[in-house]
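K.L.:
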DNA sequence: AAAAAAC
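Residue numbers (this note's numbering): 337 to 949.
1) To the nearest angstrom, how far is it from the Cα of residue 484 to the Cα of residue 787?
2) For residue 840, I'd like the list of residues in its chain whose CB is within less than 7 angstroms of its CB, leaving aside the five on either flank, ordered along the chain.
3) Taking the continuous beta strand (DSSP E) assigned at residue 534, which residues delimit it?
4) Give me the Cα-Cα distance between residue 609 and residue 779, rounded to the nearest whole angstrom.
5) My output table needs one value for residue 549: the three-state DSSP class, helix, strand or coil.
6) Give the secondary structure of residue 1003 by DSSP, where H, G and I count as helix, E and B as strand, and everything else as coil.
7) On the CB-based measure, 16 or more other CB atoms within 10 Å of its CB, does residue 875 come out buried or exposed?
8) Is it buried or exposed, residue 700, if we count other Cβ atoms within 10 angstroms and call 16 or more buried?
9) Can you round the beta-carbon distance between residue 593 and residue 507 to whole angstroms, since I take them to be within the 8 angstroms contact cut?
10) If we ignore side chains and look at the alpha-carbon of each, how far apart do residue 670 and residue 641 end up?
11) Return the first residue and the last residue of the alpha helix (DSSP H) that residue 602 is part of.
12) Please report the distance separating the alpha-carbon of residue 581 from that of residue 816.
13) Mapping DSSP to helix, strand and coil, what is residue 725?
14) Give a yes or no on whether the C-beta atoms belonging to residue 821 and residue 757 are separated by under 7 angstroms.
15) Return the residue from the list 761, 557 and 673 that minimises the CA-CA distance to residue 827.
16) May I have the straight-line CA-CA distance separating residue 632 from residue 638, to the nearest angstrom?
17) Is it true that the CB of residue 553 sits closer than 7 angstroms to the CB of residue 500?
18) Could you tell me the distance, in whole angstroms, from the CA atom of residue 860 to the CA atom of residue 831?
19) Inspect the beta-carbon positions of residue 854 and residue 868 and report whether they are closer than 7 angstroms.
20) Could you compute how far the alpha carbon of residue 618 sits from the alpha carbon of residue 635?
21) Can you tell me the Cβ-Cβ gap for residue 602 and residue 570, rounded? I've got them flagged as a contact below 8 angstroms.
22) Where does residue 409 sit, in a helix, a strand or coil, going by DSSP?
23) Mind the definition here: the segment 648-663 touches the segment 507-524 only if three or more C-beta pairs lie below 8 angstroms; say whether that holds.
24) Per DSSP, which one or two residues make a beta bridge with residue 484?
25) Within 10 angstroms of its Cβ, does residue 680 collect 16 or more other Cβ (buried), or is it exposed?
In structure tokens, the structure reads:
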């Protein structure tokens, strides 16, 4: 399997191609069943061959006019919007739901038909989705789970055990979710029980549903609550914050599905897009507001949104939301406006990584919370082959070109191999994209200096396979669910190992194998040790030269040490430093290694330094 | 030092 990177990519592509034949054993490797995120299960197989990719990128007039009009924004106003903002007619007045929710919101006299978010799923891109029946759901049974906190509610094993209500159950069926994922099994009962939650779980493990289901359920139950009526101010009951616009859009799209015909209204607000349209959406009523911090602060200062009635607050990618760049804004939203205090609202923090210092910060926002860490089946540990190569700065471009050439030659005919290339800077992204394009590789780029239209267009162009190479800054590192990414290249490694974890998590999704290649050189010395440790725990081959760098590397403190030494997760910082870590100092500490499966799953052997020690 | 996030 690990013969060469090109083979890995080719294997990945051929597994995609052979998906139909996989369905009966559900295994791409003999030893472990594969985990498929719920939103990707049970899609119908493609009915026709995907079209060959066209050799172009998404920039109008790009080739001939590199200088002037390149950034000119010469797009039509509706370009870049079709994937989102379908909320335009989102009245959610199902007719048979009783409609009590809408009458509060002042839009009850306009019964527009709610767009069915389930009808348009298939045949959307050049790939088609694989049939996932036959997945071995018993794979769930040996996922290590760690909970701590007072009186942790018992997990469930099926959606039927949870009373989410008929409307929500119907949408769960429409989403083809068969059984809850591990994070859902634990998180949903915790939130339904009214508890605050800090959850470590990988993206793609069903996090979005894990916080959306209990929020929607809670809003349906509280539908009789009286909300103030301002002439222009709206009073959402739930707020979901995320660090990037694209991620907010993605969460919004998901939440729309889950709340279809429940009468619960979901609105998204983010920067870079005209505010007027978003204001109109808000005026039509909002129960769940999904937003990026900057635009929300704007709306709050204009008094167009009040947080006074917030019952649920969810921070996705919570560790990023609380890092240095974001923390002041988040504190303003959560502590300095009219948001109810902890204990009077329910707060949920989710991320795949949760450094100790951030946990400490986050505890300001929480009240008697439960900490939940869910290990992963598949994805990084099992399904991503990680390679690291020593590449001098000046050799990076030609090295990348070699990779791409070989990949093109090894690719399965007619199947796209999406490659996501991470760089450090926005300028570097533009310059690399330009260079790739000039060398005949259809590439596009996404970063914070592009307009929102350009960003969304680039993402769509990449997802569809039109430009199968996407050069990205960290704006694309977290949370984005892009199926079919076979290869993540860390052209520039990040300085923080957590960022590396998030970046490589863009591949190896949906039970497919993925490849992550990193270019390492003298500029990345501080990453040598954490990277070597991480790869070792993930059972990856660590080159000798990296081990040497790692042992040589001495750096102060544990800044780059992952919290608790754990991989792909973390542990409750409240339990650090207690005299006996096995005593439940805070009560309720509980390591559940899972349903009678003996310890020793992958690298997570209890007793060894890991997330579960 | 860089990236993200409002106008």
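Glycine included, each C-beta is placed from N, C-alpha and C at the ideal position.
P.N.:
According to the structure shown:
1) For the purposes of this step, residue 484 is identified with residue 148 of the first chain, where counting begins at 1. For the purposes of this step, residue 787 is identified with residue 451 of the first chain, where counting begins at 1. Taking the straight line joining both Cα atoms gives about 43 angstroms.
2) Counted from its first residue, the first chain places residue 840 at position 504. Once the five neighbours on either side are set aside, the close Cβ partners of residue 840 are 716, 720, 722, 824 and 852.
3) The residue given as residue 534 occupies position 198 in the first chain. Per DSSP, residue 534 belongs to the beta strand (DSSP E) from 533-536.
4) On the first chain, residue 609 is found 273 positions in, with the first residue counted as 1. On the first chain, residue 779 is found 443 positions in, with the first residue counted as 1. Residue 609 and residue 779: Cα-Cα distance of roughly 24 angstroms.
5) Residue mapping note: residue 549 aligns to position 213 of the first chain, counting from 1. DSSP places residue 549 in helix when its eight states are reduced to three.
6) Because the chain is modelled from 337 through 949, residue 1003 falls outside the range shown and cannot be assessed.
7) Position 539 of the first chain, counted from the first residue, corresponds to residue 875. That one is exposed.
8) Locating residue 700 in the first chain gives position 364, where the first residue counts as 1. By the C-beta density criterion, residue 700 is exposed, having fewer than 16 other C-beta atoms within 10 angstroms.
9) Within the first chain, the letter at position 257 stands for residue 593. Within the first chain, the letter at position 171 stands for residue 507. So it is a contact: roughly 6 angstroms between Cβ atoms.
10) For the purposes of this step, residue 670 is identified with residue 334 of the first chain, where counting begins at 1. For the purposes of this step, residue 641 is identified with residue 305 of the first chain, where counting begins at 1. So the two alpha carbons sit approximately 13 angstroms from each other.
11) Start at 1 with the first residue of the first chain, and residue 602 comes out as number 266. DSSP places residue 602 outside any alpha helix (DSSP H); the residue lies instead in the beta strand (DSSP E), whose first and last residues are 602-605.
12) Numbered from 1 along the first chain, position 245 holds the residue referred to as residue 581. Numbered from 1 along the first chain, position 480 holds the residue referred to as residue 816. Taking the CA atoms as reference points, residue 581 sits about 10 angstroms from residue 816.
13) Locating residue 725 in the first chain gives position 389, where the first residue counts as 1. Here residue 725 carries a strand assignment [DSSP, helix/strand/coil].
14) The sequence position of residue 821 within the first chain is 485, counting from 1. The sequence position of residue 757 within the first chain is 421, counting from 1. A distance of 7 angstroms or more separates the beta carbons of residue 821 and residue 757.
15) For the purposes of this step, residue 827 is taken as the residue at position 491 of the first chain. For the residues 761, 557 and 673, the minimum Cα distance to residue 827 belongs to 761.
16) Indexing the first chain from 1 puts residue 632 at position 296. Indexing the first chain from 1 puts residue 638 at position 302. Computed Cα separation, rounded: 10 angstroms.
17) Counting from 1 along the first chain, the entry for residue 500 is found at position 164. Counting from 1 along the first chain, the entry for residue 553 is found at position 217. Contact: yes.
18) To locate residue 860, count along the first chain from 1; it is residue 524. To locate residue 831, count along the first chain from 1; it is residue 495. Looking at the backbone, the Cα of residue 860 and that of residue 831 are separated by about 7 angstroms.
19) The residue you call residue 854 lines up with position 518 of the first chain. The residue you call residue 868 lines up with position 532 of the first chain. No, the Cβ-Cβ distance between residue 854 and residue 868 is not below 7 angstroms.
20) Here residue 618 refers to the residue found at position 282 of the first chain. Here residue 635 refers to the residue found at position 299 of the first chain. Cα to Cα, the separation comes out at about 10 angstroms.
21) Taking the first residue of the first chain as position 1, residue 602 is located at position 266. Taking the first residue of the first chain as position 1, residue 570 is located at position 234. About 13 angstroms separates the two Cβ atoms, so there is no contact after all.
22) Here residue 409 refers to the residue found at position 73 of the first chain. Here residue 409 scores only 31 on pLDDT, less than 50, and its place in the model should not be relied on; the value that follows carries that caveat. In the structure shown, residue 409 sits in coil (DSSP, three-state: anything other than H, G, I, E or B).
23) With the cut-off at 8 angstroms, the segment 648-663 and the segment 507-524 do not touch.
24) Counted from its first residue, the first chain places residue 484 at position 148. Its beta-bridge partners are 707.
25) Working through the first chain from its first residue, we reach residue 680 at position 344. By the neighbour-count rule (16 or more Cβ atoms within 10 Å), residue 680 is not buried but exposed.
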